Structure formats: C-alpha cells, structure tokens
Amino acid sequence: MNSVQQRLQLGLAASVVLLMLLLWWLVAGAIEKFGEEFVQSRLEHDADSVLSALQADENGVLQLTPGRMASIYNQPFSGHYFIVLSDDETLYSRSLWDESLAVSRLPKGDVRQWNAQGPVGQTLLVWAGGFQKQGQRFTLAVAEDLTPLSESLVRFNWYFAGLSLLTLMVLLGVQHYIIRRSFRPLEQILHEVKNLQQGAVGKLSEEVPAEVQPLVREVNHLLHLLGERLQRSRNALGNLAHALKGPLSLLSQLGQQESVRALPDLSANLKQQTDSIQQLMDRELKRARLMGQGAPGVRFAPQEEMPVLVDVLQRMFAVRAEQEKPLNIHWQAPDVIFVFDRDDMLELIGNLLDNACKWAKHQVRCELLGDEHHLQLVVEDDGPGCSDEEIKQLTARGVRIDEAAPGHGLGLAIVRDVVEIYSGKLTLDRSSTLGGLRVSVCLENRAANGSE
C-alpha cells in the first residue's frame, strides 16, 4: 500500500476500534462490579433488618418477631432469602419454600460473601456473618437473586454496544473528513502542477503546509533554473549565429577570388557549404526573433502573440514588399488561451507563415479555430502553389521545390515535427480561394484533457 492517506486512515481506524473495544470492556466490567456492590450493600441492610427482628423467647430460643420482616421474604422463590443457623434450631425465610441454602457456621465477627446456585436455577449472591445476640451465637445468611441484575447488564451491554458502534461510525467519518481535509493542500499542489504543465502558471504556490513547503520550494527553484538555462541556450544560439556572420562573410568573399574560382569544384563546394551555414544561421536568428523573451511552458494566447509575430514577419519581408506589391498578412483567431506550449506554437505558425510569405504574391491568410485543448490552424497564400508530387515532397526534411527561393528546406519539416509531438495531423493541398498552397494543422492536447 503506497497511499499515505490510506495508511493513516487504516491505522487511525484500527486505533479507534481498539480504544472503543477497551472502553466497552472497562465500562461493562465497572457496571457489573458496581451492580454487585449495590446488591452487597442491600444484603447488609437486609441482614440488619433480620437481626432486628430476631428475639430470644423465655427459653432463650431465637424467634422472628411477626410483622417485622419484609413481605418479599414471604413470597415463594421471590429471589430474596435468609437463613439463621443457631445451636437450637435453624430459621428459614418462607421464600425458600422447601429449598435450603448451603451455609456453614461462622464464628462471631466473621463475614463472608460468595455466589451460589439457588432455588429454580437462580444465581444468588450470598452474604453471611457470625453474630451473638441476647447470649445466643448464630450465623445469619441473606441472599438475593442476581438474574434481574444480569438481565439488566445484558440489556445495558447491548445498548452500550449499539451506542459505541454509532459513536465509532461517527468518529471514523470525522477522521476520514479530517484526513481528507488535511490532504487537500496536496490536491491543490497536484492541480497547480497540471496548470504548470499546461502553462497556466509559472511556478507553484508556496502557501502550503510546512511539511511539503521545502519540496515546493525546490520544485520552484528547479523551474527557475530550467527557465534560465533555456533562455541562455536561446541567447547562445543567437550569439553564435551573429558571431559566425563575420567568418562566413570572409569565406564567401574568399570564394569569389579568382584563385578559388579557377578551381570550379572547390568553388562550388565552398559556396554550397557557406550557403548551408548561412541558412542555418538565418533560421536560428529568425527563431530567436519569433520566440522573443517568453518563458517556457507558457500557454499560447493568439490575441497577444499574433500581432507581434505578424509585425516581425512584415519587417522581415519589407524589402520584398517594396520591390513587388505590398504583402498583406491577414489573420483571425478566437479570444481564447490554447493549452499548448507558446514556443511550439510560435515555431509552428512562424514557419508556416514564413514559407507562405516567401511564395505569396501579395496575400497570406492565417486562421486559428478551436477551443482550449483543440487547435485547427489554416495558412494559405496566393502563390504558385504546388503539384501533387511536390506536396508529397514538401514534408521531407531538407527538400525545397525551388532552390532560387531564399531560405532553407527545414521549415515544413520542422512543422511536421511539432505536429508529431502533439500527435496531430498535417494536410497540404491547393487553396480554393487564393490559389496557392494551403496548409492545415489539427492539434489536440491529450495530456491536458487527461489531467482534468
């Protein structure tokens, strides 16, 4: 059993059950003892009553004074009995009828108490003592039937057992509620972790119980370190791309020298490699501009991100727009926050728009549809479009249909990688409205759906 909550509940429940059983045993034993002590006290009072009714006659024989005895001693098998043993005779209560009690003679001042079997199967508590009155020594024994007391004790035990069971159920319910309430901050932490996964929050709240606060602080510290490392990695890539511009420019100039151009194979190979490096550098610089300073794991809010992204693309293709017709990028998106990683979405949409802007004559259209966990993206342009065979090749990494077009062949392949991360669907066909290429992407955040 790996659940701390279940271990606590079972452990505390077992403790409560044991305590209730111990309480029941102690209370039942105490009530039984108090009952017997009460009967014993009553027997002592009955013995005093019998002693006061005993008188010696003119012959010195002990007799019971008529009218001095309680009527219950005259009812056969009433459960109240006495017997007086003297040297001259033995006196019995009428309630014994033809039965007798096994009583031994006791010396003066000696007192004993025991349980005995009485008439008609009654269980008796017998109290006996040795006395001397008016010169006569005798033993007086009084007895009382314990059956009514035993029956009352049984009823009390059943009543107390029922009450204890009800109390136990209430205590277990209260215990379950208290434990659940005590673990509620952990459920809140789980909810915040899910929100962190979806990008709704940047860190976990530290308003938690002291027992888990160090863990939460360490998680927040780790998130901070990971965010800083990711940002440093981005900056390092951008700085590296900037740093390579100078040496790469020198290599390009070297390739234009007459001594190098005199070697066609070397010149062509040098140009091919420098162009490849230039394309990779441009990609990283463009990616850095598209991503900006967003923190990792943040949700994608199109109403906030799309204006900045479109503005960056407009600036990137400003030279092209001055040479030809102005480039118009039209976008439309719902006012929702998608539960997708901001960086992934910017890379996805940025690459699709970048490719569309390269090929478009003067119009690019981008439309986002869906809800928080489902995203449908459509990007189309009014460029020349692609044939069916070319569309099949476009998703292959590094494949470019027109080598004269600026850029590199990783764009749509990168888009395909992002789509595969979310197990989405990528569709390429011809735009029925603009006439160029139409790219459709459908994504679903299954992890976010499963966590709710």
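Using full-length UniProt numbering, the first residue of the sequence shown is number 1, and each one after it goes up by one.
Yeah, the Cβ is synthetic: ideal placement off N, Cα and C, and Gly gets one too.
It should be emphasised that the depicted structure is a prediction, and the values quoted were computed from it without experimental measurement.
Query                                                                                                                   : Result
Inter-stretch contact (C-beta, 8 Å, three-pair minimum) for the stretch 432-443 and the stretch 374-394                 : yes
Backbone CA spacing between glutamate 336 and glycine 11 [nearest angstrom]                                             : Correcting the residue type first, residue 336 is valine in the shown sequence and not glutamate. So the two alpha carbons sit approximately 48 Å from each other.
As assigned by DSSP and simplified to three states, the class of alanine 360                                            : coil
Stretch pair the stretch 92-111 + the stretch 146-161: three plus CB contacts closer than 8 Å                           : no
Proximity to aspartate 57 [Cα-Cα], best of Cys386, His330, Lys133 and Ile83                                             : Lys133
Counted within 10 angstroms of its Cβ, other Cβ atoms place tryptophan 127 as buried (16 or more) or exposed            : buried
Of the residues Gln122, Gln393, Arg180 and Glu89, the one placed nearest phenylalanine 138, counting alpha carbons only : Glu89
Rounded Cβ spacing between glycine 436 and glutamate 380 (contact assumed at less than 8 Å)                             : 6 Å
Residue from Trp359, Cys357 and Val4 whose Cα sits closest to the Cα of isoleucine 179                                  : Val4
Cross-strand partners of phenylalanine 38 (DSSP beta bridge)                                                            : Its beta-bridge partners do not exist; DSSP assigns none.
Extent of the continuous alpha helix (DSSP H) to which glutamine 253 belongs                                            : 213-256
Reduced DSSP secondary structure (H/G/I, E/B, other) of valine 61                                                       : coil
Backbone secondary structure at lysine 133 - three-state DSSP                                                           : strand
Burial state of methionine 281, where buried means 16 or more other Cβ atoms lie within 10 Å                            : buried
N- and C-terminal bounds of the beta strand (DSSP E) containing arginine 430                                            : 425-430
With 16 other Cβ atoms within 10 Å as the buried cut-off, status of tyrosine 422                                        : buried
Buried versus exposed, by CB contacts within 10 Å (16 or more), serine 41                                               : exposed
Residue burial classification, glutamate 206 (beta-carbon count within 10 angstroms, cutoff 16)                         : exposed
Spatial distance of leucine 290 from aspartate 265 (CA atoms)                                                           : Its pLDDT being 48, under 50, leucine 290 is placed unreliably by the model, and the measurement read from it follows with that caveat. C-alpha separation (whole angstroms): 37 Å.
Glutamine 363 beta carbon near the ligand ATP (any heavy atom closer than 7 Å)                                          : With respect to the ligand ATP, the structure shown offers nothing to examine, as it has no ligands at all.
Limits of the unbroken beta strand (DSSP E) element including glutamine 393                                             : No beta strand (DSSP E) holds glutamine 393; the alpha helix (DSSP H) holding it covers 388-394.
Beta carbon of proline 326 nearer than 8 Å to that of histidine 362                                                     : yes
Unbroken alpha helix (DSSP H) run spanning glutamine 303, endpoints                                                     : 302-316
Close Cβ partners of asparagine 195 (< 8 Å) along its chain, the five nearest in sequence each way excluded             : Val201
Valine 39, buried or exposed, once every other Cβ within 10 Å from all chains shown has been counted against 16         : buried
Backbone secondary structure at valine 111 - three-state DSSP                                                           : strand
Beta-bridge pairing of phenylalanine 77 - partner residues as DSSP gives them                                           : The partner list for phenylalanine 77 (beta bridge, DSSP) is empty, contrary to what the question assumes.
Reduced DSSP category for aspartate 341 - H, G, I as helix; E, B as strand; rest coil                                   : strand
Distance, glycine 350 Cα to phenylalanine 338 Cα                                                                        : 16 Å
Start-to-end residues for the beta strand (DSSP E) that takes in glutamate 207                                          : No beta strand (DSSP E) holds glutamate 207; DSSP gives it neither H nor E.
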